[in-house]
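Right, one structure below, let's go through it.
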Amino acid sequence: MTVPDTHLVERWRTTFAMWRSSGLSVAAFCRSRELNLSSFYRWRKILDDLDRPSTTRPRSEPDPLPIPSFVPIRVIPDAVIEVILPSGVQLRVPLSADARQLAYLVQALGATPC
2 MTVPDTHLVE
12 RWRTTFAMWR
22 SSGLSVAAFC
32 RSRELNLSSF
42 YRWRKILDDL
52 DRPSTTRPRS
62 EPDPLPIPSF
72 VPIRVIPDAV
82 IEVILPSGVQ
92 LRVPLSADAR
102 QLAYLVQALG
112 ATPC
């Protein structure tokens, strides 16, 4: 942020001190002093930023990169059984397959179920 003119800063500091001691709302104070309301709020933010101690790091210091924390996993394929029908059709079926559905499948492929 560029530092504004010191005369303007002091003038607005004085203006804000007068507003605080006036007991008026911001809108009423600005009307009575013929001040632009948006300028009042903009200068209040500017002065707040100037008065607030900087807690940010200098721009030359990059943000640290997070250290990845991957957990290695090993994928184990499901156990399967292989069925070879007399027609030569091969089926690889997970052990968790429903026996009734497997029988329908074998029958549909033209072989008699076991």
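Numbering (the numbering used here), first residue to last: 2 to 115.
Even glycine gets a Cβ: it sits at the ideal position worked out from N, Cα and C.
Keep in mind the model is a prediction, meaning the values are calculated, not measured.
Three-state class that DSSP yields for residue i in the structure shown
i      : result
Ile47  : helix
Arg75  : coil
Arg101 : helix
Ala80  : coil
Arg53  : coil
Val4   : coil
Ser23  : helix
Leu96  : coil
Ser70  : coil
Glu11  : helix
Leu130 : Because the chain in this structure spans residues 2 to 115, residue 130 falls outside the shown range and cannot be described.
Leu36  : coil
Bridge partners - residue i, DSSP secondary structure assignment
i     : result
Leu91 : Position check: residue 91 holds Gln in this sequence, whereas Leu was assumed. Ile85.
Exposure of residue i, with buried meaning 16 or more beta-carbon neighbours within 10 Å
i     : result
Thr16 : buried
Phe71 : exposed
Contacts around residue i, its chain only, beta-carbon distance under 7 angstroms, and the 5 residues preceding and following it disregarded
i      : result
Ala28  : Leu38
Leu103 : Val94
Phe41  : Val27, Cys31
Tyr105 : none
Cutoff 6 angstroms; reference residue i; Cβ partners in own chain excluding five residues on either side
i     : result
Asp52 : none
Same chain only: Cβ atoms within 8 angstroms of residue i, ignoring 5 sequence neighbours per side
i     : result
Leu36 : Thr16, Phe30
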